[in-house]
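Participant: Chains F and R, in that order, give the protein sequences. So in my numbering, the last one in the first sequence is 346, and the numbering has no gaps at all. So in my numbering, the last one in the second sequence is 692, and the numbering has no gaps at all. Think of the CB as a built atom: it goes at the ideal place given N, C-alpha and C, for glycine as much as any other residue. These numbers were taken from a predicted model, which means no experiment stands behind them.
There are 2 protein chains.
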Amino acid sequence: MRFPVGRLEGFIAAVFEAVGAKRDHVATMAQRLIEADLRGRTGHGLMRVRPFAERVIAGGVNLDPTISLFHETPVSALVDGDNGLGPVVMTHAAETAIAKAQASGLAWVGTRNSNHAGAAGVYPALALRAGLGAIYMAVAAGNVMPPWGGVERLLGTNPMAVAIPAGDEVPFQLDIATTVASHGTIRVRAAAGEPLPEGWVVDRDGEPITDPDRVDEGFLMPIGGYKGSGLNVMIGLMAGVMNGAAFGSDVVGRSQPPDTPTNTGQTIIVFRPDLFAPAGELRAEMDRKLREMRSSGEAGAAVRLPGERAVEVEAEQRRIGIPVPEPLLADLRSFATELGLEDRLV
Amino acid sequence: MRFPVGRLEGFIAAVFEAVGAKRDHVATMAQRLIEADLRGRTGHGLMRVRPFAERVIAGGVNLDPTISLFHETPVSALVDGDNGLGPVVMTHAAETAIAKAQASGLAWVGTRNSNHAGAAGVYPALALRAGLGAIYMAVAAGNVMPPWGGVERLLGTNPMAVAIPAGDEVPFQLDIATTVASHGTIRVRAAAGEPLPEGWVVDRDGEPITDPDRVDEGFLMPIGGYKGSGLNVMIGLMAGVMNGAAFGSDVVGRSQPPDTPTNTGQTIIVFRPDLFAPAGELRAEMDRKLREMRSSGEAGAAVRLPGERAVEVEAEQRRIGIPVPEPLLADLRSFATELGLEDRLV
């Protein structure tokens, strides 16, 4: 069943209003979560409305945070989120970085005392709208694997997202976890009753786990073995440790009470794409190179580059609505009823 | 056979002096190349002396370049290398970024008209010596794979290297290609007559190639499938296109005459690790987290983190010398004789 974008955005806003979020925070939550669905990141949009709101209800989030800047320079700042809603804190950080990069060419803004901010890709996309590029990194909620060669879960799926503007072409946008599979992907397989491919999850002895019901016994695998493990640790150090945010054993997982502050850390580096060339030249050259890659398929067939799917999904969904799978719809309707919002999702 | 570090450094300097490099360039070449061996990056140290020098002899490198800064701001600059020696141009770029980051907290410096700069990890290591962190990216020399889903070789092994300072612990240092295997690794296998593991190289139909002699028919595989392919393209756009340097079909490969200018591009982002916390606190926290990961092995056994091997290799080699495998030694001695330097490597 499909719903118009505006209806779902209104529903998300109604949920966060109902649980007591401030008016401007409500709008930000609705925007960032619906943007995830619009990019095809279904695991971080509507699917997160209930868990995010339930965390608020459990007292795990500060609804009236004092979001402050520390260690501010013309090119950097640390945003202390005061345990506010993750998308709200991270949007503040992204906007701070965008303003600094517009003035200085380049900016690095980190967060601490933030929370899960939803889909990684939506933050570089904010920079794109301002004509800027960005690199975003986050310490993921919950640890799923050991450092390469270890047996203790100290690392999450730590994602990275990147955007680089183009001219007429669809801009380059990458949004990846540094593990082969995310828990969301695994849950989809489990729900479909399908075994997992080898290489996604291993047990303590490094043997593959293919039974989706045994995932919790195992470790997720990083992309490219020690290489992806290294990228994952890099993200944890840059987005966590450098900011005074949680990393390693400090990361709060699903086994802890839902009112435990997570001290989540994120980092965004925003830059002017035309640091080193006149903007017009840069745009033309980006377009030329993106087109070259796009036409590099068999017999000149089109190759899809990172970012194209997001644009296609958004265009389609704005036209014909966002599809909400039946189990999710049932769950959201039941949640709506709990909150007295049963008329909002019909 | 092992040689003292100083002797090999002196030999490298003698080679570049013999082919006509300027005095300060000679010293830089010797330092960057020997640093590669000292980090265990044997594919980018002594092994590169002959190919780098032969490119000079063939007229492919400008020995008297005017290395200039363009588009300079307090946090950014583009270094035009005027087709000078890659390690010389990139060292200039790294030093420029280090000076700017010391003053401003953060800097992004790109290169164009550079050449192959050797091991990626040696440039973030320059930042480490100044107490700074860094992210380095380079467009690799020669294309080895198509964009994900394509069949035209437009991408190289595009490496990334990262350094983050710690306190008493060995700092985090990552140095990876974004392909599963590098050509160097494959050459080592081929020399040993061993088949390649599946997942390193595929043919046009995506079928694995395990015969090392058939590598040139195939495509190297990116780490993590479409994810590593995306990182590889990101590096190419940031280190190549943004700088006006070669990317895609403009990249000069081994099939082109050795005097073809490569217009190689690199980028280095240098940052103060204590952007967001007093330096002492940051160092203590980095140490605590690195120690936690290091002791996460089976029964508390040590786990080796990225950067530790480089430090161990350097300590050992400074003590007992750098091992030079017999075929490489024979080749270097024959090259030395060609240059009238036969007394320098005995």
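In whole angstroms, what is the alpha-carbon distance linking residue 335 of chain R and residue 317 of chain F?
Facilitator: Chain R is shown only over 347 to 692; residue 335 of chain R falls outside these bounds and no answer can be derived.
Participant: When the Cβ atoms of the segment 643-660 of chain R are set against those of the segment 383-396 of chain R, are three or more pairs found closer than 8 angstroms?
Facilitator: Verdict: yes, contact present.
Participant: Using a Cβ cut-off of 9 angstroms, which residues of the segment 571-583 of chain R contact any Cβ in chain F, in chain order?
Facilitator: Correct list: 571, 572, 573, 574, 575, 576, 577, 579, 580, 582, 583.
Participant: Span of the alpha helix (DSSP H) holding residue 442 of chain R?
Facilitator: Counting along the chain, the alpha helix (DSSP H) containing residue 442 of chain R begins and ends at 432-450.
Participant: Shorter than 7 angstroms from the beta carbon of residue 326 of chain F to some beta carbon of chain R?
Facilitator: No, residue 326 of chain F lies away from the interface with chain R (no Cβ there is under 7 angstroms from its Cβ).
Participant: Please report the straight-line C-alpha distance between residue 477 of chain R and residue 470 of chain R, rounded to a whole angstrom.
Facilitator: Roughly 11 angstroms between the two C-alpha positions.
Participant: Please identify, using Cβ separations under 7 angstroms, the residues of the segment 509-540 of chain R that lie next to chain B, in order along the chain.
Facilitator: Any reference to chain B falls outside this structure, whose protein chains are F and R.
Participant: Could you check what DSSP says for residue 623 of chain R in three-state terms: helix, strand or coil?
Facilitator: It is coil, neither helix nor strand.
Participant: Counting only Cβ-Cβ distances shorter than 9 angstroms, please list the residues of the segment 66-100 of chain F near chain R, keeping chain order.
Facilitator: Listed in sequence order: 70, 71, 73, 74, 75, 76, 77, 78.
Participant: Can you look up residue 63 of chain F in the DSSP assignment and give me helix, strand or coil?
Facilitator: Three-state result, residue 63 of chain F: coil.
Participant: In the DSSP assignment, find the alpha helix (DSSP H) that holds residue 654 of chain R and state where it starts and stops.
Facilitator: Looking at the DSSP string, the run of the alpha helix (DSSP H) that includes residue 654 of chain R is 654-666.
Participant: Reducing DSSP to helix, strand and coil, say where residue 606 of chain R ends up.
Facilitator: It is coil, neither helix nor strand.
Participant: Quick check on the DSSP output: the beta strand (DSSP E) that includes residue 419 of chain R runs from which residue to which?
Facilitator: Start and end: 414-419.
Participant: Whole angstroms is fine: what's the gap from residue 487 of chain R's alpha carbon to residue 589 of chain R's?
Facilitator: Distance between the alpha carbons of residue 487 of chain R and residue 589 of chain R: 16 angstroms.
Participant: Okay, do the segment 674-692 of chain R and the segment 548-557 of chain R touch, 3+ Cβ pairs below 8 angstroms being the bar?
Facilitator: Contact fails: fewer than three Cβ-Cβ distances are below 8 angstroms.
Participant: Starting from the beta carbon of residue 151 of chain F, find every residue of chain R whose beta carbon is closer than 8 angstroms, and list them in chain order.
Facilitator: Going along chain R in sequence order, the residues near residue 151 of chain F (Cβ under 8 angstroms) are 642, 643, 644.
Participant: Got a sec? Which residues, its chain only, sit under 8 angstroms from residue 1 of chain F by beta carbon, not counting five neighbours each side?
Facilitator: Same-chain partners within the cutoff: 323, 324, 326, 329.
Participant: At the 7 angstroms Cβ level, is residue 106 of chain F part of the contact set with chain R, yes or no?
Facilitator: At least one chain R Cβ lies under 7 angstroms of residue 106 of chain F.
Participant: In angstroms, rounded to a whole number, what distance separates the CA positions of residue 51 of chain F and residue 332 of chain F?
Facilitator: Going from the Cα of residue 51 of chain F to the Cα of residue 332 of chain F covers about 11 angstroms.
Participant: Quick check: what's the CA-CA separation for residue 309 of chain F versus residue 394 of chain R?
Facilitator: Their backbone Cα atoms lie some 41 angstroms apart in a straight line.
Participant: By DSSP, does residue 458 of chain R sit in helix, in strand, or in coil?
Facilitator: Note: residue 458 of chain R maps to strand in three-state DSSP.
Participant: How about residue 421 of chain R and residue 452 of chain R: are their beta carbons less than 7 angstroms apart?
Facilitator: Going by C-beta atoms, residue 421 of chain R is nearer than 7 angstroms to residue 452 of chain R.
Participant: Residues of chain R with CB under 9 angstroms from residue 12 of chain F, in chain order?
Facilitator: Chain R residues near residue 12 of chain F: none, gap ~29 angstroms exceeds 9 angstroms.
Participant: Taking residue 564 of chain R as the reference, which of R:490, R:454, R:459, R:648 has the closest Cα?
Facilitator: Considering only alpha carbons, the answer is R:490.
Participant: Can you check whether the CB of residue 635 of chain R is closer than 7 angstroms to the CB of residue 247 of chain F?
Facilitator: A contact, by the Cβ cut-off of 7 angstroms.
Participant: Listed from N- to C-terminal order along the chain, which residues in the segment 549-569 of chain R have their beta-carbon within a distance smaller than 7 angstroms of any beta-carbon of chain F?
Facilitator: Taking 7 angstroms as the Cβ-Cβ cut-off against chain F, the residues of the segment 549-569 of chain R that qualify are 569.
Participant: Where do the ends of the beta strand (DSSP E) carrying residue 559 of chain R lie?
Facilitator: Residue 559 of chain R -> no beta strand (DSSP E), and no H or E assigned at all.
Participant: At a Cβ threshold of 7 angstroms, is residue 589 of chain R touching chain F?
Facilitator: Chain F, which has a Cβ nearer than 7 angstroms to the Cβ of residue 589 of chain R, makes this yes.
Participant: When you compare only the Cα positions, how much space is there between residue 685 of chain R and residue 167 of chain F?
Facilitator: If you take the alpha carbons of residue 685 of chain R and residue 167 of chain F, they lie about 50 angstroms apart.
Participant: Counting along the chain, where does the alpha helix (DSSP H) carrying residue 528 of chain R start and finish?
Facilitator: Per DSSP, residue 528 of chain R belongs to no alpha helix (DSSP H) and is neither H nor E.
Participant: What three-state label does DSSP hand residue 350 of chain F in the structure shown?
Facilitator: Missing from the structure shown is residue 350 of chain F; chain F here goes from 1 to 346 and no further.
Participant: Looking only at C-alpha atoms, which of F:172, F:147, F:46 sits nearest to residue 135 of chain F?
Facilitator: Checking every option, the nearest Cα to that of residue 135 of chain F belongs to F:172.
Participant: Classify residue 159 of chain F as helix, strand or coil using the three-state DSSP reduction.
Facilitator: Reduced to three states, the DSSP call for residue 159 of chain F is strand.
Participant: Could you tell me which residues DSSP puts in a beta bridge with residue 137 of chain F?
Facilitator: DSSP lists F:160, F:267 as partners of residue 137 of chain F.
Participant: Whole-angstrom Cβ separation of residue 268 of chain F and residue 97 of chain F, contact assumed at under 8 angstroms?
Facilitator: With 8 angstroms as the limit, residue 268 of chain F and residue 97 of chain F qualify as a contact, their Cβ atoms being about 5 angstroms apart.
Participant: Anyone know if the C-beta pair for residue 84 of chain F and residue 116 of chain F falls short of 7 angstroms?
Facilitator: No.
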